[in-house]
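These notes concern the structure reproduced below.
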Amino acid sequence: MEKYKSSFSWIIKKEIINNITKTKEIQSFLYGLYFSNAILKDDYYVITIKNNYILNKIVSKLTKLKVEISKVLKNKIYISSSEYNKIVDKKWEERLTSFFAGVFCGGGSISDKNSTSYHLEISSHSQENTEKIINKLNKYEFNFQMLKRRNRYLAYTKKIDELLDFLSAIGAKKSWFELQNLKISRDIENVSNRINNIDISNLQKIADSSIKHIENINYVFENNLLDMFSEDQLVFFRIKLENSWISMNEMVKKLEQEHNIIITKSGLNHWLRKLNNVVLEHKNK
Numbered sequence: 000m001e002k003y004k005s006s007f008s009w010i011i012k013k014e015i016i017n018n019i020t021k022t023k024e025i026q027s028f029l030y031g032l033y034f035s036n037a038i039l040k041d042d043y044y045v046i047t048i049k050n051n052y053i054l055n056k057i058v059s060k061l062t063k064l065k066v067e068i069s070k071v072l073k074n075k076i077y078i079s080s081s082e083y084n085k086i087v088d089k090k091w092e093e094r095l096t097s098f099f100a101g102v103f104c105g106g107g108s109i110s111d112k113n114s115t116s117y118h119l120e121i122s123s124h125s126q127e128n129t130e131k132i133i134n135k136l137n138k139y140e141f142n143f144q145m146l147k148r149r150n151r152y153l154a155y156t157k158k159i160d161e162l163l164d165f166l167s168a169i170g171a172k173k174s175w176f177e178l179q180n181l182k183i184s185r186d187i188e189n190v191s192n193r194i195n196n197i198d199i200s201n202l203q204k205i206a207d208s209s210i211k212h213i214e215n216i217n218y219v220f221e222n223n224l225l226d227m228f229s230e231d232q233l234v235f236f237r238i239k240l241e242n243s244w245i246s247m248n249e250m251v252k253k254l255e256q257e258h259n260i261i262i263t264k265s266g267l268n269h270w271l272r273k274l275n276n277v278v279l280e281h282k283n284k
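If you're matching positions, the sequence shown starts at 0 in numbering that gives the first Met the number 0 and goes up one per residue.
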């Protein structure tokens, strides 16, 4: 059990499985779990979960959905084909957060947050299910690829920004903040390693300013101050978190090309001043 507690994947799975409480969310979650984990054997769908905490949570959710469990042996849950119909969620595409949370709990893994290389993969026994997972995710600007490893099919990506977007998509807010803050720290360290030919005083001002903006943005998300900003401003803040060191010129281009948001550098600085004022006012309440 201890090896699971030390892994980032375990932390994420624990977080998202505890987020799922409503009946419809549970159904979509379990349907996603089926997509990545279940295999049909002798008229039973078998779900294999090696972690006892996650296994017990899944049993509890199946019980809440009034799915009769045929048996639980070691790390396997057996459900008859007839009972499986209670899990099928024909409206899963309306509850993608819960569905992909289940997909990840059933077959997902992510590199340790302290690793220097990033990867996210989702495994399944079914090529068809894996293709459906990839097709749905890639409609939302992901770039998942598929490969076969032994008797399983993997959907995977190695881009840190896509890892962060996926964590956000499945409702893993705490894990998202943890990985995002680590990425920012690494970005700062990487910049610091390239300061030999740069004016140190000027760089320090830029670094301090960027760090302050990131702290303010995190404060807004953590304290549910989203209603104080427009959708365009929130898009800018999210891009700023994920690309903390790009220049304002690059940010202007990125917003226009990728999000059709047309704004000047002066306009972005105005948004950042508004951000700072909102945070200061909230802290001084």
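C-beta: ideal position from N, C-alpha, C; glycine also. Computed from a prediction, not measured in an experiment: that's the story for all the values here.
Listed in chain order, the alpha helix (DSSP H) runs fully inside the segment 81-139 are 95-106 and 126-137, counting runs of at least 4 residues. Taking a C-beta distance under 9 Å as the contact criterion, Leu267 and Phe235 qualify as a contact pair.
Shown here for Ile109: same chain residues with a beta carbon closer than 7 Å to its own, the five before and five after excluded, namely Phe7, Ser8, Ile11, Leu119 and Leu162 in chain order. In the assembly as shown, Leu166 is a buried residue. Its beta-carbon has 16 or more other beta-carbons within 10 Å. For Glu24, the number of other beta carbons within 10 angstroms of its own is at least 16, and it is reported as buried. Counting along the chain, the unbroken alpha helix (DSSP H) around Ala168 starts and ends at Ile159 to Ala168.
If you draw a 10 Å sphere on the C-beta of Asn142, you find fewer than 16 other C-beta atoms in it, and that means exposed. By the 16-neighbour rule on beta-carbons within 10 angstroms, Leu39 is exposed. Between the beta-carbon of Glu14 and that of Ala171 there is about 5 Å, and that keeps the pair under the 8 Å contact cut. Secondary structure note for Met145: its beta strand (DSSP E) is the uninterrupted segment Gln144 to Arg148. If you check the CB distance, Lys60 and Phe28 come in under 9 Å. Our two residues, Lys282 and Leu233, have alpha carbons roughly 20 Å apart in a direct line.
Approximately 7 Å separates the beta-carbon atoms of Ser80 and Tyr44; this is inside 8 Å, confirming the contact. The criterion of a C-beta distance shorter than 9 Å is not satisfied by Glu255 and Ile245. For Val45, the uninterrupted beta strand (DSSP E) run begins and ends at Tyr43 to Thr47, by DSSP.
In the three-state reduction of the DSSP assignment, Ser79 falls in the strand class, which pools E and B. With 16 or more other Cβ atoms from the protein chains shown falling within 10 Å of its own Cβ, Thr129 counts as buried. By the criterion of a C-beta distance shorter than 8 Å, Lys135 is surrounded in its chain by Glu92 and Leu95, once the five residues flanking it on both sides are discounted. Shown here, Leu72 sits in a strand according to DSSP, grouped into three states. Bounds of the beta strand (DSSP E) holding Leu153 are Arg151 to Thr156.
In the three-state reduction of the DSSP assignment, Leu64 falls in the coil class, being assigned neither a helical nor a strand state. Within the segment 213-238, no run of beta strand (DSSP E) reaches 3 residues while sitting entirely inside it.
Counting every other CB atom within 10 Å of its CB across the protein chains shown gives Asp111 a total below 16, marking it as exposed.
Shortest Cα-Cα distance from Glu241 to any of Trp270, Lys273, Ile46 and Ile159 involves Ile159.
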